[in-house]
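Chains as they are written, first to last, in numbering that gives the first Met the number 0: chain L, 0 to 178; chain W, 0 to 178; chain E, 0 to 178.
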Amino acid sequence: MKSLTRELWMNVDARRGIVSIHDDVEKLVDESDVQEGLVLVNAMHITASVFINDNEGGLHRDYDKWLEELAPFDPSPSRYHHNRTGEDNADAHHKRQIMGREVVVAITEGKLHLGPWEHIFYYEFDGRRKKRVLVKIIGDWPSEPFQDRRPACVWGVLNVWKCRIRAGFCCMFAFCIVG
Amino acid sequence: MKSLTRELWMNVDARRGIVSIHDDVEKLVDESDVQEGLVLVNAMHITASVFINDNEGGLHRDYDKWLEELAPFDPSPSRYHHNRTGEDNADAHHKRQIMGREVVVAITEGKLHLGPWEHIFYYEFDGRRKKRVLVKIIGDWPSEPFQDRRPACVWGVLNVWKCRIRAGFCCMFAFCIVG
Amino acid sequence: MKSLTRELWMNVDARRGIVSIHDDVEKLVDESDVQEGLVLVNAMHITASVFINDNEGGLHRDYDKWLEELAPFDPSPSRYHHNRTGEDNADAHHKRQIMGREVVVAITEGKLHLGPWEHIFYYEFDGRRKKRVLVKIIGDWPSEPFQDRRPACVWGVLNVWKCRIRAGFCCMFAFCIVG
């Protein structure tokens, strides 16, 4: 099994903002050399999301307005108990539950296996500081019979031919063909 | 590592609708020959969801009413900026965020590992056209020591016995027992 | 590939409640001996969630109030069709969709790979009975060339040295170095 682990650093200079991380994830899949597998992409912070939807600015404005209706920003300690701790970001912890923490995407034949409009984004709900996104890739090359034994077979058969010893040949044959 | 990749085609003839894809996923898990692993099931379109909940028609009606309250269908460009692009499906992009893009389900002893009422559904929010669901299975048989070496051992030991050559036997022994 | 499967039993004695399952998941990751992989943690019941957010009581109170606003408890059959079946828990099926069924977390160098405040919780929406959470871990040690061949190499080379037979040596060499 192969794996690749990478943290991407984010620094959104507003309280809220949507950042495309699509190309970064695509490059890491290339780098991983995984042909068949899964990639997990998750916010490492609990006031941010990773989600897949349309790369269209109007929709992103709609999301922002909608999330503000569902869980309005309100730093006062009256609406949200969480803000009695001295924090002002209770709304961000709520918004992130709507948009989700993570996506899991298939890797097929070495590429992200996505539909035509699927695009991977980071959604910041409490920015103006450095935060991280985790990309974790696991998978492998498709298993082919004897795949990893072939170099040994070639080397062995050549060697045995040179030595002309029958026992070695039998042994090699078992190793290469059946093993 | 074993894997299986399959796209399921959907064509819901209403704007919205819930379709069971449970049996399809179950069959693909059988076909994959994976004993221990994960299956990812995700909508490949950004106006649809895959979710796990109750196979009960009343609940499905409740979801539809509830999602319509949370993000009403409104093709006009006034409520949703997204609909200024000429689209009318901004609500669908919102509803899908509530219901989610994907589920990841465990495979244990070759079967979907689910609780008693868990059932896998596709939720269409902008239908009347062909769309896809991706099923990606990764995993393997549980690893047992020497498991994949046994045929080679039997074949090799028989062969070496026939040749009665000690070097070959030593070699086979190393290969089968220790390797 | 290594895997570990475990069901955790929950029994929340109120209708709703949040329970930390963080330490349980952490221990199972240790037990699995997986160095690089993924852990899936999901509610096995459709009126409960597994989610990752802040370990802060005020926020948990906020979530409860918020979810009650988004999908109020109402056992009557008038608001929810689902409750015409004799059930009273339609609200729980809705709340769980907001908070999500599952989380997928990376395992890196044998540990949960989480951000500083990420904490794994079970959220019960229809308690006062025994329910389960599934923990499924898959992954492996990082692949190192020849790693699993080394004992065979040592054994084989020693043996061949004793026998002083060239064919055996050639064969071992192919097996250990190239194979």
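Built from N, CA and C at the ideal position, the CB exists for glycine as well.
Does the ligand SAM have a heavy atom nearer than 6 Å to the CB of residue i?
i, result
"Glu35/E", "Absence of the ligand SAM from the depicted structure is noted, as is the absence of any ligand whatsoever, leaving it without description."
Which of the three DSSP states, helix, strand or coil, is assigned to residue i?
i, result
"Asn10/W", "coil"
"Asn52/E", "strand"
"Tyr122/L", "strand"
"Glu101/L", "strand"
"Gly57/W", "helix"
"Ser185/E", "Missing from the structure shown is residue 185/E; chain E here goes from 0 to 178 and no further."
"Ser31/W", "helix"
"Ala70/E", "coil"
"Tyr79/W", "coil"
"Asp63/E", "helix"
"Asp90/E", "helix"
Determine which residues share a DSSP beta bridge with residue i and list them.
i, result
"Lys135/L", "Thr4/L, Leu39/L"
"Ile106/E", "Gly36/E, Leu111/E"
"Lys130/E", "Met9/E"
"Val18/L", "Tyr121/L"
"Ala47/L", "Glu123/L"
If you draw a straight line from the C-alpha of residue i to the C-alpha of residue j, how long is it?
i, j, result
"Val33/L", "Glu55/E", "39 Å"
"Arg128/E", "Val11/E", "7 Å"
"Glu6/W", "His80/L", "45 Å"
"Glu67/W", "Thr84/E", "23 Å"
"Gly99/E", "Ala47/L", "15 Å"
"Lys130/W", "Leu37/L", "22 Å"
"Leu113/L", "Ile20/E", "32 Å"
"His241/L", "Leu27/E", "Because chain L in this structure spans residues 0 to 178, residue 241/L falls outside the shown range and cannot be described."
"His44/E", "Met9/E", "11 Å"
"Phe124/W", "Asp90/W", "8 Å"
"Lys110/L", "Glu30/E", "33 Å"
"Ala70/W", "His118/W", "25 Å"
"Asp63/L", "Ile97/L", "12 Å"
"Leu39/W", "Glu101/W", "7 Å"
"Leu133/L", "Ser75/E", "44 Å"
"Ile51/L", "Arg78/E", "32 Å"
"His92/L", "Asp22/E", "22 Å"
"Ser142/W", "Ser142/L", "15 Å"
"Asp139/E", "Lys135/L", "14 Å"
"Trp65/L", "Ile106/E", "34 Å"
"Asp61/E", "Tyr121/E", "16 Å"
"Gly57/E", "Asn82/L", "8 Å"
"Trp116/L", "Trp116/W", "32 Å"
"Val103/L", "Glu25/E", "21 Å"
"Val49/W", "Ile17/E", "25 Å"
"Asp53/E", "Glu86/L", "12 Å"
"Glu35/E", "Ile137/W", "15 Å"
"Asn41/E", "Asn41/W", "16 Å"
"Thr4/W", "Thr4/L", "23 Å"
"Gly126/W", "Gly126/L", "36 Å"
Just mark residue i as buried or exposed, buried being the case when its beta carbon has 16 or more other beta carbons within 10 Å.
i, result
"Arg15/L", "buried"
"Lys94/W", "buried"
"Asn88/W", "buried"
"Ala13/W", "exposed"
"Ser2/L", "buried"
"Glu108/L", "exposed"
"Asp73/W", "exposed"
"Met0/W", "buried"
- At a Cβ cut of 7 Å, what residues of the region 115-128 of chain E count as close to chain L, listed as they run along the chain? Trp116, Glu117
- Task: Could you run through the region 3-36 of chain L and flag, in chain order, every residue whose CB is less than 8 Å away from some CB of chain W?
- Result: Glu35, Gly36
- Message: For the region 54-73 of chain E, list every residue whose C-beta sits within 9 Å of some C-beta in chain W, in sequence order.
- Response: Leu69, Ala70
- Query: Taking Cβ-Cβ distances below 8 Å as the criterion, which residues of the region 90-110 of chain E are in contact with chain W?
  - Reply: His92, His93, Arg95, Gln96, Ile97, Gly99, Arg100, Glu101, Val103
- Task: Taking a Cβ distance cut-off of 7 Å, strictly less, list which residues of the region 74-85 of chain E are near chain W, in chain order.
- Result: Tyr79, His80, His81, Arg83, Thr84
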